[in-house]
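Student:
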Amino acid sequence: MARVSQEHLDARRRQILGGAARCFARNGFHGTSMQDVLKEAGLSAGAVYRYFPGKEDIIAAITEETFAVIRGAFEEAARTAPPPTPDALLGKVLGGVLAGQVHGLERRIFAALVVQLWSETLRDERLAALLDEGYATMRVAWAKLVDAYRSARILESDVPADHVARTMIATAQGFIVQEALFGDVRPEVLANGLRGLMSMNPQKIS
Numbered sequence: 007m008a009r010v011s012q013e014h015l016d017a018r019r020r021q022i023l024g025g026a027a028r029c030f031a032r033n034g035f036h037g038t039s040m041q042d043v044l045k046e047a048g049l050s051a052g053a054v055y056r057y058f059p060g061k062e063d064i065i066a067a068i069t070e071e072t073f074a075v076i077r078g079a080f081e082e083a084a085r086t087a088p089p090p091t092p093d094a095l096l097g098k099v100l101g102g103v104l105a106g107q108v109h110g111l112e113r114r115i116f117a118a119l120v121v122q123l124w125s126e127t128l129r130d131e132r133l134a135a136l137l138d139e140g141y142a143t144m145r146v147a148w149a150k151l152v153d154a155y156r157s158a159r160i161l162e163s164d165v166p167a168d169h170v171a172r173t174m175i176a177t178a179q180g181f182i183v184q185e186a187l188f189g190d191v192r193p194e195v196l197a198n199g200l201r202g203l204m205s206m207n208p209q210k211i212s
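Numbering (the numbering used here), first residue to last: 7 to 212.
#1: Quick check: what's the CA-CA separation for VAL43 versus ILE22?
#2: Please state whether DSSP places PRO88 in a helix, a strand or coil.
#3: DSSP three-state label for ARG20, please.
#4: On the three-state DSSP scale, how would you describe GLU81?
#5: Alpha carbons only, please: which of HIS14, LEU49, ALA94 is nearest the one belonging to GLY202?
#6: Should ILE160 be labelled buried (16 or more other beta-carbon atoms within 10 Å of its own) or exposed?
#7: Is the beta carbon of ALA186 closer than 9 Å to that of VAL170?
#8: Determine the direct distance from the alpha carbon of TYR155 to that of GLU162, and round the result to whole angstroms.
#9: Closest by CA to VAL99, which one among ASN207, SER205, PRO193?
#10: With the cut-off set at 9 Å, would you say VAL75 and VAL103 are in Cβ contact?
#11: ALA26: which of ALA167, MET40, PRO89 sits nearest, CA to CA?
#12: By the 10 Å Cβ neighbour count, where 16 or more other Cβ atoms means buried, how is VAL165 classified, buried or exposed?
#13: Measuring only the C-alpha atoms, how far is GLY101 from THR38?
#14: Decide if the segment 44 to 64 is in contact with the segment 78 to 88; the criterion is three or more beta carbon pairs, one per stretch, under 8 Å apart.
#15: With H, G and I counted as helix, E and B as strand and the rest as coil, what does DSSP make of MET144?
#16: So what's VAL43 in DSSP terms, helix, strand or just coil?
#17: Please give the ranges of any alpha helix (DSSP H) in the segment 131 to 177, keeping only runs that are unbroken, at least 4 residues long and fully inside the region.
#18: According to the neighbour-count rule (16 or more other Cβ atoms, all chains shown, within 10 Å of its Cβ), is PHE188 buried or exposed?
#19: Report the three-state DSSP secondary structure of GLU112 (helix, strand or coil).
#20: Below 6 Å CB to CB, which residues in the same chain sit around ARG113 once its five sequence neighbours on both sides are set aside?
Structure representation (structure tokens):
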């Protein structure tokens, strides 16, 4: 029997996850059955169960992959020298993440899927652990970026790096939620808004 190549196995796995992601984004996790996934992916039950024992395993795989894409995009941007300012960084990264990097989903559908994943972590300990791991890694990456800002003397040193990291992560999360709920939230809007806030002069306010 001919050996199946790793490329073929990877492509089949992506096919399953892509079909499942489209189903979940359209009908929600609990409104999607394994039969729905089989039909969307165009595969037999045996082909799918070879990779994933059940729907919960598919959800976990999509969760892990989705969070990894978002985390990886920020980590890559954070390694840029000199570091881009938060407005440019968030606008660029979120623009890329929402441009179909995960399973080729339309940006609003992908954003809706992410929001569903977040809500699912509230009831699923396995998914919650994946989210906690990703969040912790993101905080570390952003804290390093804050250190780079300070080294470049473009950020004051009186605010803890982790506080800045949490705030920027919250901004990114809020942007994704807005896209999921309302749509057409362009990355340049976020970048412009942040740039406006960053330009505020505290001396004039006081």
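The beta carbon of each residue, even a glycine, is placed where N, CA and C say it ideally should be. A quick note: this is a predicted structure, and the numbers were derived from the prediction, not measured.
Tutor: Inspection of the coordinates gives the following:
#1: As a position in the sequence shown, residue 43 is number 37, starting the count at 1. As a position in the sequence shown, residue 22 is number 16, starting the count at 1. Their Cα atoms are separated by approximately 8 Å.
#2: Working through the sequence shown from its first residue, we reach residue 88 at position 82. Reduced to three states, the DSSP call for PRO88 is coil.
#3: Working through the sequence shown from its first residue, we reach residue 20 at position 14. ARG20 falls in the helix class under three-state DSSP.
#4: On the sequence shown, residue 81 is found 75 positions in, with the first residue counted as 1. Residue state, collapsed to three classes: helix.
#5: Stepping through the sequence shown from its first residue, residue 202 is reached at position 196. For GLY202, the nearest C-alpha among the options comes from ALA94.
#6: Locating residue 160 in the sequence shown gives position 154, where the first residue counts as 1. Answer is exposed; the Cβ neighbour count stays below 16.
#7: Counting from 1 along the sequence shown, the entry for residue 170 is found at position 164. Counting from 1 along the sequence shown, the entry for residue 186 is found at position 180. No, the Cβ-Cβ distance between VAL170 and ALA186 is not below 9 Å.
#8: As a position in the sequence shown, residue 162 is number 156, starting the count at 1. As a position in the sequence shown, residue 155 is number 149, starting the count at 1. Between GLU162 and TYR155, the C-alpha separation is close to 9 Å.
#9: Along the sequence shown, one-based indexing puts residue 99 at 93. The shortest Cα separation from VAL99 among ASN207, SER205, PRO193 belongs to PRO193.
#10: By 1-based counting over the sequence shown, the position of residue 75 is 69. By 1-based counting over the sequence shown, the position of residue 103 is 97. For VAL75 and VAL103, yes; Cβs fall inside 9 Å.
#11: Mapped onto the sequence shown, residue 26 falls at position 20. Considering only alpha carbons, the answer is MET40.
#12: Mapped onto the sequence shown, residue 165 falls at position 159. VAL165 should be labelled exposed.
#13: The residue you call residue 101 lines up with position 95 of the sequence shown. The residue you call residue 38 lines up with position 32 of the sequence shown. Cα-Cα distance, rounded: 28 Å.
#14: no
#15: Locating residue 144 in the sequence shown gives position 138, counting from the first residue. Three-state DSSP puts MET144 in a helix.
#16: Here residue 43 corresponds to residue number 37 of the sequence shown, with the count starting at 1. In this structure, VAL43 counts as helix in the three-state DSSP scheme.
#17: 131 to 157
#18: Taking the first residue of the sequence shown as 1, we reach residue 188 at position 182. The residue is exposed, with fewer than 16 neighbouring Cβ atoms inside 10 Å.
#19: By 1-based counting over the sequence shown, the position of residue 112 is 106. Note: GLU112 maps to coil in three-state DSSP.
#20: Here residue 113 is taken as the residue at index 107 of the sequence shown, counted from 1. So the list reads LEU104, once near-sequence residues are dropped.
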